[in-house]
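Per the numbering used here: the sequence shown ends with 308, consecutive numbering throughout.
Worksheet: one structure, shown below.
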Amino acid sequence: MEKRKPSCEEVIAQGPPCDGTFVDVSRYRMCRAWDLIKRGEEKELGVAMKRASEEYKATCKKSQ
Numbered sequence: 245m246e247k248r249k250p251s252c253e254e255v256i257a258q259g260p261p262c263d264g265t266f267v268d269v270s271r272y273r274m275c276r277a278w279d280l281i282k283r284g285e286e287k288e289l290g291v292a293m294k295r296a297s298e299e300y301k302a303t304c305k306k307s308q
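This is the structure:
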């Protein structure tokens with residue numbers, strides 16, 4: 245039985261996976277980017293992805 249993928253809401257609620265795999269990190273960034281677009285904070289996916297990446301890096305540097 246395969247593991248169910250968490251929803252984007254769950255991924256975001258858990259916060260950035262600082263010690264996660266590349267796949268975990270990619271999923272978090274994608275979910276966060278769509279979240280920014282849904283909230284109307286960003287209009288373009290490329291810009292939202294960049295912002296999600298920067299937030300991820302900033303958050304994970306703090307926690308180390």
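Backbone N, C-alpha and C fix where the C-beta goes; we use that ideal spot for every residue, glycine too.
Could you work out which residue in the options is closest to residue i when comparing CA atoms only?
{"i": "Tyr300", "options": "Glu254, Gly290, Gly259, Ser251", "result": "Gly259"}
{"i": "Ala292", "options": "Cys275, Thr303, Cys304", "result": "Cys275"}
{"i": "Leu280", "options": "Ile256, Asp268, Ala302", "result": "Ile256"}
{"i": "Lys249", "options": "Lys305, Ala302, Asp268, Cys262", "result": "Asp268"}
{"i": "Thr303", "options": "Glu253, Cys262, Lys247", "result": "Cys262"}
Hey, residue i and residue j are a contact pair by Cβ (cut 8 Å); roughly how many whole angstroms apart?
{"i": "Arg273", "j": "Ser251", "result": "At roughly 15 Å, the Cβ-Cβ gap does not stay under 8 Å, so Arg273 and Ser251 are not in contact."}
{"i": "Glu286", "j": "Arg295", "result": "6 Å"}
For residue i, which three-state DSSP category applies?
{"i": "Arg276", "result": "helix"}
{"i": "Arg271", "result": "helix"}
{"i": "Thr265", "result": "coil"}
So is residue i in contact with chain D if we call contact Cβ pairs under 8 Å?
{"i": "Leu289", "result": "In the structure shown, chain D does not exist; there is a single protein chain."}
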